[in-house]
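For reference, the structure discussed in these notes is given below.
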Amino acid sequence: MKIITRYVLRHFAAVFGVALFGFGGIYLVVDFFERLDDIIEKKAAVPDAVLYFVCKVPAILIQGIPMAVLLASLIGVGLLQRNREIIALRAAGLRAWVYAGPVVAASLGLALVTFAAGETLGRSLNRTAETLWRDHIDKKGTPLGFVQENVWYRGDDFFLQARTYDARAGVFQGVSLYCLDESFRLRRRLDAQRVVWTGSGWRAEKGTVLEWESGTTQHRRFEATEVSLGLEPKDLAVAGTLPEDLRWDDLYVYAQKLGDEGYNAVPYRVELHTRVATAFAALILGVIGVSLSLHLGHRGGIALGITMGLGLTFLYLVLFQTGASFARSEMLPASVGVWAPNALFAAVGAALWARAPQ
Numbered sequence: 000m001k002i003i004t005r006y007v008l009r010h011f012a013a014v015f016g017v018a019l020f021g022f023g024g025i026y027l028v029v030d031f032f033e034r035l036d037d038i039i040e041k042k043a044a045v046p047d048a049v050l051y052f053v054c055k056v057p058a059i060l061i062q063g064i065p066m067a068v069l070l071a072s073l074i075g076v077g078l079l080q081r082n083r084e085i086i087a088l089r090a091a092g093l094r095a096w097v098y099a100g101p102v103v104a105a106s107l108g109l110a111l112v113t114f115a116a117g118e119t120l121g122r123s124l125n126r127t128a129e130t131l132w133r134d135h136i137d138k139k140g141t142p143l144g145f146v147q148e149n150v151w152y153r154g155d156d157f158f159l160q161a162r163t164y165d166a167r168a169g170v171f172q173g174v175s176l177y178c179l180d181e182s183f184r185l186r187r188r189l190d191a192q193r194v195v196w197t198g199s200g201w202r203a204e205k206g207t208v209l210e211w212e213s214g215t216t217q218h219r220r221f222e223a224t225e226v227s228l229g230l231e232p233k234d235l236a237v238a239g240t241l242p243e244d245l246r247w248d249d250l251y252v253y254a255q256k257l258g259d260e261g262y263n264a265v266p267y268r269v270e271l272h273t274r275v276a277t278a279f280a281a282l283i284l285g286v287i288g289v290s291l292s293l294h295l296g297h298r299g300g301i302a303l304g305i306t307m308g309l310g311l312t313f314l315y316l317v318l319f320q321t322g323a324s325f326a327r328s329e330m331l332p333a334s335v336g337v338w339a340p341n342a343l344f345a346a347v348g349a350a351l352w353a354r355a356p357q
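Going left to right, the sequence shown walks through residues 0 to 357 as numbering that gives the first Met the number 0 numbers them.
Right, here's the structure in full:
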């Protein structure tokens, strides 16, 4: 690595670290005081409360990476400008890419880290924190989220309706199974008190079967009978899960499956695009930050960098949330609503870079 590259990255890393941990510290302090009354009221154990906040730290820091990149690029390069070091580099015949390129490369690397860490460490520890809060601090026990009510499932040639489904036990209660022929006419109906996953298939218990064939109706009762649904409990595990709780690959598969079966997959598609767009916001904001610093010249510095950084971050978040809301309400396609702010800021960054002193 060249001396200039190391020198620029050292300035960038110093500001990035301060900005990131400053953001994380403020977030934790606010979250702590919001939760403090509940912790005291529920008489939660101190180790449980401490572990809860520790598990929240990775997700908080990951959320703060794009803002920290913007501040680091604005302030880091701005300090070099204020100290006339950029002028010295230009006088030596070096073009802007030599001293600005490392910042852009670091921003790209941090964008990739944001996405990868968010889908692994951040998401898993955040789930651990929520479970810890629910079971050991708030002490509400297992939520009804594991028991879904009024469940509908569409298969290739059937519809299943159940009063409840217990995701942990793999048990449907109050089941009606409607089997259809190629003309979409009802050919068979099964009603059962329970449908249970046995480990190798589904077993219906205590019910009746009605079959229509050649103008005749057959009716029979059963204590237990095997039924073929073409799915396993793991296929239903994500059905009651919020989009933000699923890993990106699981979310992608589930969104595709919902779309193929004719269901509304918009919230899941919006979440898919949101995760990638917010991660790569670090790269876009990094380019804007370094380009603005080159424009500001010797006026760059800490105070101006913080002011512009917070202002741009606020503007980006407002535009991003607005676009995502339009996407969720289907006023815009998911890709357009989510990526429009990134495209706008990328265009601004490219224009600033093209006009920056070289």
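All C-beta atoms, glycine included, are put in the ideal place defined by N, C-alpha and C.
Tell me which residues share the same chain as residue i and place their Cβ nearer than 7 Å to its Cβ, disregarding the 5 neighbours each side in the sequence.
i	result
residue 312	66 and 69
residue 355	95, 290, 293 and 294
residue 283	341, 344, 345 and 348
residue 258	264
Do residue j and residue i come within 8 Å of each other at the CB atom, strictly closer than that value?
i	j	result
residue 73	residue 307	yes
residue 348	residue 275	no
residue 202	residue 225	yes
residue 278	residue 267	no
residue 77	residue 304	yes
residue 86	residue 98	no
residue 138	residue 41	yes
residue 350	residue 315	no
residue 167	residue 149	no
residue 164	residue 235	yes
Please go through the same chain and pick out, in chain order, the residues whose beta-carbon is closer than 8 Å to the beta-carbon of residue i, but skip the five residues on each side of it.
i	result
residue 265	326, 327, 329 and 333
residue 125	54, 55, 57 and 58
Between the C-alpha atoms of residue i and residue j, what's the straight-line distance to the nearest angstrom?
i	j	result
residue 250	residue 122	13 Å
residue 83	residue 75	13 Å
residue 156	residue 181	8 Å
residue 8	residue 52	31 Å
residue 25	residue 108	25 Å
residue 321	residue 246	24 Å
residue 244	residue 90	53 Å
residue 205	residue 197	16 Å
residue 131	residue 50	8 Å
residue 135	residue 63	28 Å
residue 13	residue 31	27 Å
Flag residue i as yes if its beta-carbon sits less than 8 Å from any beta-carbon of chain C, otherwise no.
i	result
residue 229	Among the chains in the structure shown there is no chain C, since it carries only a single protein chain.
Indicate the three-state DSSP secondary structure (helix, strand or coil) for residue i in the structure shown.
i	result
residue 10	helix
residue 137	coil
residue 231	coil
residue 42	coil
residue 20	helix
residue 180	coil
residue 1	coil
residue 125	helix
residue 348	helix
Using a threshold of 7 Å, is the CB atom of residue i nearer than that to any non-hydrogen atom of the ligand MG?
i	result
residue 80	In terms of ligand content, the structure shown is empty, and the ligand MG therefore cannot be addressed.
Can you tell me whether residue i is buried or exposed, with buried defined as 16 or more other CB within 10 angstroms of its CB?
i	result
residue 340	buried
residue 11	buried
Can you list, in chain order, the residues of its chain with a C-beta nearer than 6 Å to that of residue i? Leave out the 5 residues immediately preceding and following it.
i	result
residue 114	278
residue 159	152 and 176
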